[in-house]
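Data first, discussion second: the structure below is written as structure tokens.
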Amino acid sequence: MFQGSMVALVTPMLENGDVDYDGLTRLIEFHVAEGTDAIVAVGTTGECATLSPSEHMAVVKHCKDVLGGRLPLIAGTGGNSTAEAIELTQMAAEIGVDACLSVVPYYNKPTQKGLIAHFKAIANSTQLPVILYNVPGRTVVDMTAETTAELSRIDNIIGIKEAEGSLERTLKLLSLCEEGFVVLSGEDSTCCETMLAGGKGVISVTSNVAPKLMAEMCKLAIAGQVEDAKAIDAKLAALHSILFIESNPQAPKWLLSEMNLIQPWLRLPLLALSDEVKPDVRAVAKALELI
Numbered sequence: 065m066f067q068g069s070m071v072a073l074v075t076p077m078l079e080n081g082d083v084d085y086d087g088l089t090r091l092i093e094f095h096v097a098e099g100t101d102a103i104v105a106v107g108t109t110g111e112c113a114t115l116s117p118s119e120h121m122a123v124v125k126h127c128k129d130v131l132g133g134r135l136p137l138i139a140g141t142g143g144n145s146t147a148e149a150i151e152l153t154q155m156a157a158e159i160g161v162d163a164c165l166s167v168v169p170y171y172n173k174p175t176q177k178g179l180i181a182h183f184k185a186i187a188n189s190t191q192l193p194v195i196l197y198n199v200p201g202r203t204v205v206d207m208t209a210e211t212t213a214e215l216s217r218i219d220n221i222i223g224i225k226e227a228e229g230s231l232e233r234t235l236k237l238l239s240l241c242e243e244g245f246v247v248l249s250g251e252d253s254t255c256c257e258t259m260l261a262g263g264k265g266v267i268s269v270t271s272n273v274a275p276k277l278m279a280e281m282c283k284l285a286i287a288g289q290v291e292d293a294k295a296i297d298a299k300l301a302a303l304h305s306i307l308f309i310e311s312n313p314q315a316p317k318w319l320l321s322e323m324n325l326i327q328p329w330l331r332l333p334l335l336a337l338s339d340e341v342k343p344d345v346r347a348v349a350k351a352l353e354l355i
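Be aware that the sequence shown starts at 65, since it is given in the working numbering, and climbs by one per residue.
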């Protein structure tokens with residue numbers, strides 16, 4: 065269930081900052097039609113940090129209702145408070161999501177022992193499958209492969225979105241973690257090599273705007289069709305990069321607005337994409353015939 069191209073879905077917003085549920089419906093239908101393998105709602109790319117708990121769950125429920133079981137739904141339920149992460153996880157379970165994605169706590173900089181205690185508490189609070197999320201570039205804490213391996217022995221901790229970014233980390237996780245533990249890339253720029261090394265997929269920013277190409281590349285990479293997978297990845301390389309020209313999800317939201325799917329707005333402190341970089345993003349998108 066948890067493999068292939070899984071989109072780290074943006075949360076569409078109106079200019080006044082309200083969640084745009086009509087836009088969210090359009091995005092979900094777009095991904096169903098284009099071959100995305102799973103929806104990951106209200107994660108980092110979904111601006112979880114600026115959603116209230118009630119908005120957070122309203123977005124998850126809307127995704128669940130629109131999907132109607134057509135694709136797996138993973139809800140971002142992490143936080144830097146263990147109690148809050150448990151509460152969000154339990155609320156998502158009540159909605160009926162298929163799994164939760166729980167990020168390494170940010171800002172308060174726990175030790176590796178603290179990370180183990182945090183994720184054990186979350187796993188013990190729910191029957192949901194839990195996918196860990198290591199993104200040291202945002203959290204300032206890098207959960208080591210050894211820590212992940214210890215957590216992989218807990219029955220309902222079933223995988224990790226690993227955004228440390230190196231092939232060395234992927235290989236170490238595959239070597240140390242329990243059999244069947246799912247290693248997912250959290251970096252579009254290195255996800256192809258992760259899957260060719262034995263990873264099972266990617267939770268992707270790029271798939272917001274190029275879902276068909278990402279889904280095709282993932283299928284080829286997981287099947288071990290090296291040259292074909294690398295050819296698509298090379299085609300996507302400029303897009304992987306340009307989507308981070310400003311803070312994510314500023315560029316993806318603007319590009320989706322150019323594709324007539326949503327409006328380009330974000331919540332403060334993030335801003336809509338700067339005018340001066342729009343020509344660069346547009347050029348890459350046009351080369352791929354996205355717009």
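Cβ coordinates follow ideal geometry from the N, Cα and C atoms, glycine included.
Is there contact between the stretch 278-291 and the stretch 114-126, where contact requires at least three CB pairs shorter than 8 Å? The stretch 278-291, when compared against the stretch 114-126, does not touch it at the 8 Å Cβ threshold.
Could you tell me the distance, in whole angstroms, from the CA atom of V167 to the CA atom of L196? 6 Å
Buried or exposed by the 16-neighbour rule on C-beta atoms within 10 Å, applied to K177: exposed
Along the alpha helix (DSSP H) that carries A124, what are the first and last residues, could you check? It is Val, not Ala, that sits at residue 124 in the sequence shown. Note, V124: alpha helix (DSSP H), P117 to L131.
Between N187 and I218, is the Cβ-Cβ spacing less than 8 Å? The displayed chain sequence assigns Ala, not Asn, to residue 187. Yes.
Based on DSSP bridge pairs, tell me the residues matched to L277. Looking at the DSSP assignment, L277 forms no beta bridge with any residue, so it has no partner.
Would you be able to state if there are at least three C-beta pairs under 8 Å between the stretch 288-304 and the stretch 89-98? Result no; under three Cβ-Cβ pairs closer than 8 Å.
Do D162 and L179 have their CB atoms nearer than 8 Å? no
So does the stretch 247-264 actually touch the stretch 65-75, counting three or more Cβ pairs closer than 8 Å? yes
List the DSSP bridge partners of G265. G68 and L248
Same chain, Cβ closer than 6 Å to S189, five either side skipped, listed in chain order: I150
Whole angstroms is fine: what's the gap from P169's alpha carbon to E243's? Cα to Cα, P169 sits roughly 26 Å from E243.
Spatial distance of G263 from R90 (CA atoms): When the Cα atoms are used, G263 and R90 turn out to be separated by approximately 30 Å.
If I follow the unbroken beta strand (DSSP E) through G223, where does it start and stop? I221 to E226
Cα-Cα separation between N272 and E214, rounded to whole angstroms: 33 Å
Which same chain residues end up closer than 6 Å to G87 when comparing Cβ atoms and leaving out the 5 residues on each side of it in sequence? P76 and I326
Cβ-Cβ separation, G107 to L165 (assumed contact under 8 Å), whole Å: 6 Å
Where L334 falls: helix, strand or coil (DSSP): coil
Roughly how many angstroms separate the alpha carbons of L358 and T254, rounded to a whole number? Since the first and last residues shown for the chain are 65 and 355, residue 358 lies out of range.
Would you say the beta carbon of G87 is closer than 7 Å to some non-hydrogen atom of the ligand ATP? With respect to the ligand ATP, the structure offers nothing, as it holds no ligand at all.
Cβ of T114 within 8 Å of Cβ of A72? no
In angstroms with no decimal places, state the Cα-to-Cα distance between A347 and L354. One C-alpha to the other measures close to 10 Å.
Indicate whether N172 and N144 have their beta-carbon atoms separated by less than 8 Å. yes
Mind reading off the beta-carbon distance from K317 to V74? Whole number of angstroms is fine, and I expect it under 8 Å. 5 Å
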